[in-house]
Amino acid sequence: MSEIERLWADGVATVRLNRPDIRNALTAPMQAELISTFDELHHDRETRVVVIEGAGSSFCAGGHIGALSKEKEQGPGTADDERNAQFEGRQRLRRLQRVIQAIRGCEKPVLASIDGPAVGGGFDLALACDVRFASSRAKFGEVFARIGLFPGTGGTFLLPQVVGVSQALDLIWSGEVFDAERAYALGIVRSVHADRAALDRTVAEYSARLTLGPPLAISLAKAAVYRCMNQDLAAAFDFAATAETITLTSSDHREGVTAFRDKRPPMFRGR
Numbered sequence: 002m003s004e005i006e007r008l009w010a011d012g013v014a015t016v017r018l019n020r021p022d023i024r025n026a027l028t029a030p031m032q033a034e035l036i037s038t039f040d041e042l043h044h045d046r047e048t049r050v051v052v053i054e055g056a057g058s059s060f061c062a063g064g065h066i067g068a069l070s071k072e073k074e075q076g077p078g079t080a081d082d083e084r085n086a087q088f089e090g091r092q093r094l095r096r097l098q099r100v101i102q103a104i105r106g107c108e109k110p111v112l113a114s115i116d117g118p119a120v121g122g123g124f125d126l127a128l129a130c131d132v133r134f135a136s137s138r139a140k141f142g143e144v145f146a147r148i149g150l151f152p153g154t155g156g157t158f159l160l161p162q163v164v165g166v167s168q169a170l171d172l173i174w175s176g177e178v179f180d181a182e183r184a185y186a187l188g189i190v191r192s193v194h195a196d197r198a199a200l201d202r203t204v205a206e207y208s209a210r211l212t213l214g215p216p217l218a219i220s221l222a223k224a225a226v227y228r229c230m231n232q233d234l235a236a237a238f239d240f241a242a243t244a245e246t247i248t249l250t251s252s253d254h255r256e257g258v259t260a261f262r263d264k265r266p267p268m269f270r271g272r
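So the sequence shown is numbered by my numbering: it starts at 2 and just counts up by one.
Below, the structure is given as structure tokens:
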């Protein structure tokens with residue numbers, strides 16, 4: 002059985018994590034499905050926006066630690082056992098990292114609709130999305146330090162980009178779990194809503210607005226923003242010059258100008 006659900010309507014693809022029995026933890030099968038799904042959506046011209054949400058009362062609890070817990074209960078083994086455990090742990094982490102990379106690398110706007118806990122790798126999955134929305138029962142946290150772990154699923158890279166260095170270090174060092182209002186104050190979520198129904202309405206409205214925009218310009222803007230985070234101004238201007246040239250010669254730009262002159266809504270087609 003698939004561990005994610007895929008819904009599609011009017012240019013919006015909804016990817017629902019569907020293991021509510023384990024708080025939508027990222028099992029190996031779910032990881033593989035997410036990677037392949039985001040690869041498809043990245044290349045699908047009909048998809049304008051992607052929304053990630055969780056089934057049930059959680060967004061995502063991060064990596065599935067059931068197998069890891071069993072290993073720890075067995076206690077220390079031989080040196081070979083320890084090396085094998087390190088290798089297997091690294092492989093598990095690499096798979097989780099590929100999920101985060103697949104989400105961040107998608108050229109479409111990716112929105113997180115967070116109803117319930119998003120902790121550990123689940124928090125990092127949300128941070129990999131472009132814009133996040135939350136219900137009042139959402140919880141967040143880089144909880145790795147609580148169990149003596151380094152946040153290997155991207156928190157040290159993603160969180161400072163959203164909240165700044167000092168706040169990121171405080172949250173990572175403490176492993177604090179915090180509520181949606183604090184997440185809003187920190188700029189992690191765009192808005193907080195009373196319940197799931199209100200959250201769904203807001204995400205649907207925001208998604209619908211994005212589908213009416215020029216896909217080419219939107220995807221290039223996304224690429225430029227993330228690229229510029231790791232570049233100096235000269236390199237950023239180089240990319241901007243290329244991107245601007247592409248959009249200047251696009252059909253979408255011509256349509257936008259024509260629609261403006263005709264005083265009608267534009268019909269953008271991503272060309």
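No residue lacks a Cβ here, since even glycine has one placed at the ideal position from N, Cα and C.
The structure presented is a predicted model; accordingly, all values stated were derived computationally and were not measured.
**Nearest residue (CA-CA) to A242, options D253, M230, A225** = A225
**Asked** Where in the region 180-215 do unbroken runs of the beta strand (DSSP E), each at least 3 residues long, occur, reported from the N-terminal end onward?
**Response** 192-194
**Request:** Please work out which residues of its chain come closer than 7 Å, Cβ to Cβ, to L42, disregarding the five sequence neighbours upstream and downstream, and give them in chain order.
**Result:** The beta carbon of L42 is closer than 7 Å to those of A14, T48, V51, C107, K109 in its chain, skipping five residues each way along the sequence.
**Asked** Are the beta-carbon atoms belonging to G117 and S58 less than 9 Å from one another?
**Response** yes
**Item:** Rounded Cβ spacing between A29 and R95 (contact assumed at less than 8 Å)
**Value:** With a Cβ gap of about 12 Å, A29 and R95 do not count as contacting.
**Cβ distance (whole Å) where D196 is taken to contact S136 below 8 Å** = About 6 Å separates the two Cβ atoms, so the contact holds.
**Request:** On a CA-only basis, which of N25, D45, H65, E182 is nearest I53? Give me that one, please.
**Result:** Nearest C-alpha to I53: N25.
**Message:** Between which residues of its own chain and L8 is the CB-CB distance below 6 Å, once the five residues before and five after are set aside?
**Reply:** T15
**Message:** Helix, strand or coil for C229? Go by DSSP, reduced to three states.
**Reply:** helix
**Message:** One question on the structure: do L170 and F179 come within less than 9 Å of each other, judged by their Cβ atoms?
**Reply:** Contact: no.
**Asked** Do you know how far the Cα of R262 is from the Cα of G153?
**Response** 51 Å
**Request:** Kindly indicate which three-state DSSP category P118 falls into: helix, strand or coil?
**Result:** Here P118 carries a strand assignment [DSSP, helix/strand/coil].
**Asked** Which value, in whole angstroms, describes the spacing of the CA atoms of S192 and F60?
**Response** 16 Å
**Asked** Going by other Cβ atoms of all chains shown within 10 Å of its Cβ, with 16 needed for buried, is S251 buried or exposed?
**Response** Residue burial annotation: S251 is buried, with at least 16 other C-beta atoms found within 10 angstroms of its C-beta.
**Request:** For A249, count neighbouring Cβ atoms within 10 angstroms of its own Cβ and tell me buried if that reaches 16, exposed if not.
**Result:** Checking the displayed sequence, the identity of residue 249 turns out to be Leu instead of Ala. Exposed is the call here.
**Item:** Inter-residue Cα distance where the pair is Y207 and A198
**Value:** 14 Å
**Request:** Using a threshold of 9 Å, state whether the C-beta atoms of F124 and V100 are closer than that.
**Result:** No; because the gap between Cβ atoms is not below 9 Å, this pair is not in contact.
**Message:** Beta-carbon within less than 6 Å of L211's beta-carbon, same chain only, minus the 5 sequence neighbours each way: which residues are those?
**Reply:** V50, P110
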